[in-house]
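These notes concern the structure reproduced below.
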Amino acid sequence: MKKFYLLFLCFSTLGFAQNKAEAEKKIREGVTLYDEGKYDEALSRYNEALNLDKNNFFALAEKAMTLEIMKKYDESIEVSELVLKLYPKEDNATVYVTYGNALDHIGKSDLAIKAYNEGIKKYPDYYHLYFNKGIALYKVKETEKAVEAFQITTRLNPNHAGSYNALAVIDRSNRIPSILAAGRYLILDNESSRAKGNMETMLTLMKQGISKSEDNSINVSLSSISGDKTNNKKSNTDDFSTVDIMLSMSATQDLHEENKDKTEIQKFIDKFSPVCRIMKEVKPKQKGYYWDFLAPYFIEMNDKNLLEPFANIIFLAIQDKDAIQYNEQHQDKIKEFYNWSKNYNWK
14 MKKFYLLFLC
24 FSTLGFAQNK
34 AEAEKKIREG
44 VTLYDEGKYD
54 EALSRYNEAL
64 NLDKNNFFAL
74 AEKAMTLEIM
84 KKYDESIEVS
94 ELVLKLYPKE
104 DNATVYVTYG
114 NALDHIGKSD
124 LAIKAYNEGI
134 KKYPDYYHLY
144 FNKGIALYKV
154 KETEKAVEAF
164 QITTRLNPNH
174 AGSYNALAVI
184 DRSNRIPSIL
194 AAGRYLILDN
204 ESSRAKGNME
214 TMLTLMKQGI
224 SKSEDNSINV
234 SLSSISGDKT
244 NNKKSNTDDF
254 STVDIMLSMS
264 ATQDLHEENK
274 DKTEIQKFID
284 KFSPVCRIMK
294 EVKPKQKGYY
304 WDFLAPYFIE
314 MNDKNLLEPF
324 ANIIFLAIQD
334 KDAIQYNEQH
344 QDKIKEFYNW
354 SKNYNWK
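Adding 13 to a residue's 1-based position in the sequence shown gives its number in my numbering.
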């Protein structure tokens, strides 16, 4: 009897191992199909894996994410909750993101924020949690907290374009912070429709408050400068009013007769270079996210004489003919810029 039991146990163990291996194969196939955008087929593979290996962690996690992208939010929530219940000690960072996103999509933003916060407690360095939390916070009009979440995202991942885009949009009424965020975004993306919108808005902001009268006199409106601070309620942080004045003064040069034949790119550089210089001058007395994190990036860029390739890179977003020509003829300078940016020491 004992021999039969041991034999049964041996075959059971072997069968379980075979099922687990086959399940893992199905999961890999599902991930490939997911990456190809074949979500129905991917979901089918995950279900097949779960039939072979009930409650397989990876199959459940991938299934939850696939259901979320298929807009089957209630099902995604159910599977996510199951994963978090069954596997509290596994790496559930992406599951918390999926869970929060699904909740947010069905209008339960408060619960989504709670899910993101739970994830952040366990995975404080996982930037996706902060980014998606920022989106949910913005939806419930917690703007200041949303900005903080996007800022944390960029500190954790300085190449996260979506967060810079969010900051540029939210802080649009504070033009220097918005310009800095948009400028960083455009380095990461100068091809999409979103990039085009950011570039056009950036150019508009740089000319804000400047006009020319019928008698050719140039008028400068500085009414917005006193409010050129970010959504941070701490009035002594991220104050760019001095920089704003410099930008306004520099922008008047666009309307001078002697500059009428300059390209838009050269006019941009003529305005942006003084901004970088004044930021360097006043930075020791300033503090805040933009002063501590983004301003040094652009200050160093100017110090290393890289504004020319920078401008020609971001102007591709609006298909500027001079930028297109520059990028074709000066690949060495473009490469130099990207090498510097890639190796920049974010602090």
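The beta-carbon is built from N, C-alpha and C at its ideal position, and this holds for glycine as well.
Would you kindly work out how many angstroms separate the C-alpha atoms of residue i and residue j, rounded to a whole number?
| i | j | result |
| --- | --- | --- |
| HIS141 | MET78 | 14 Å |
| ALA264 | MET215 | 13 Å |
| GLU54 | GLU204 | 31 Å |
| LYS220 | SER261 | 7 Å |
| LEU319 | GLY113 | 41 Å |
| ASP202 | PHE350 | 15 Å |
| SER239 | GLN332 | Note that SER239 scores 45 on pLDDT, short of 50, meaning its location in the model is unreliable; the coordinates nonetheless yield the value given after this. Their Cα atoms are separated by approximately 35 Å. |
| TRP353 | GLU94 | 44 Å |
| GLY50 | ALA74 | 17 Å |
| THR111 | ASN249 | 37 Å |
| MET292 | GLU271 | 27 Å |
| ALA308 | LEU46 | 42 Å |
| THR103 | GLN164 | Going by the sequence as given, residue 103 is Glu instead of Thr. Cα to Cα, the separation comes out at about 28 Å. |
| ASN178 | TYR198 | 6 Å |
| PRO190 | ILE90 | 37 Å |
| ILE200 | PHE306 | 16 Å |
| ASN145 | THR107 | 11 Å |
| SER176 | GLY210 | 15 Å |
| LEU20 | ASN60 | Since pLDDT at LEU20 reaches only 41, below the 50 mark, its modelled position is unreliable, and the value read off the structure follows with that caveat. Their backbone Cα atoms lie some 31 Å apart in a straight line. |
| LEU180 | PHE311 | 16 Å |
| ASN340 | PHE253 | 32 Å |
| GLN342 | PHE281 | 20 Å |
| ASP267 | TYR86 | 52 Å |
| GLU161 | HIS118 | 22 Å |
| LYS317 | LYS284 | 17 Å |
| ASN356 | SER234 | 39 Å |
| PRO297 | ILE192 | 21 Å |
| GLN344 | SER186 | 36 Å |
| LYS275 | THR217 | 18 Å |
| GLY222 | THR166 | 32 Å |
| ASP48 | GLU88 | 20 Å |
| LYS273 | LYS135 | 57 Å |
| GLY196 | SER206 | 15 Å |
According to DSSP, residue i sits in a beta bridge with which residue or residues?
| i | result |
| --- | --- |
| VAL233 | ILE223 |
Compute the distance between the beta-carbons of residue i and residue j, then report whether it is under 8 Å.
| i | j | result |
| --- | --- | --- |
| LEU80 | ALA72 | no |
| ALA174 | ASP184 | no |
| PHE323 | MET314 | yes |
| TRP304 | ASP257 | no |
| ASN105 | LEU97 | yes |
| GLY132 | TYR139 | yes |
| ILE126 | ALA149 | yes |
| VAL288 | THR255 | no |
| LEU169 | TYR129 | no |
| LYS346 | GLU321 | yes |
| LYS67 | VAL92 | no |
| LEU56 | LYS39 | no |
| PRO171 | TRP359 | yes |
| LYS152 | SER122 | yes |
Which residues bound the alpha helix (DSSP H) around residue i?
| i | result |
| --- | --- |
| MET83 | Per DSSP, MET83 belongs to no alpha helix (DSSP H) and is neither H nor E. |
| PRO101 | Premise fails: PRO101 is in no alpha helix (DSSP H) and is neither H nor E. |
| TRP359 | First-last for TRP359: undefined, no H or E at that position. |
| ASN325 | 320-327 |
| VAL153 | Per DSSP, VAL153 belongs to no alpha helix (DSSP H) and is neither H nor E. |
| ILE119 | Note, ILE119: premise wrong, no alpha helix (DSSP H); not H, not E. |
| SER57 | 52-65 |
| PHE306 | No alpha helix (DSSP H) contains PHE306, which DSSP labels as neither H nor E. |
| ILE192 | 188-201 |
| ALA336 | 334-342 |
| GLU294 | 277-295 |
| ILE183 | 174-183 |
If residue i sits next to residue j, beta carbons under 8 Å apart, how far is it from one beta carbon to the other, in whole angstroms?
| i | j | result |
| --- | --- | --- |
| GLU37 | ARG58 | In fact, because the Cβ distance is near 11 Å, the residues do not count as touching under 8 Å. |
| ILE278 | ALA208 | Between ALA208 and ILE278 the Cβ distance is about 16 Å, and since that is not below 8 Å, they are no contact. |
| MET212 | ALA34 | The pair is not a contact, with the Cβ atoms about 51 Å apart (cut-off 8 Å). |
| MET83 | TYR109 | Contact doesn't hold; Cβ gap of about 19 Å is too wide. |
Just checking residue i against the ligand SAM - is the residue's beta carbon closer than 7 Å to any of the ligand's heavy atoms?
| i | result |
| --- | --- |
| PHE311 | The ligand SAM is not among the ligands present in this structure, which contains no ligands whatsoever. |
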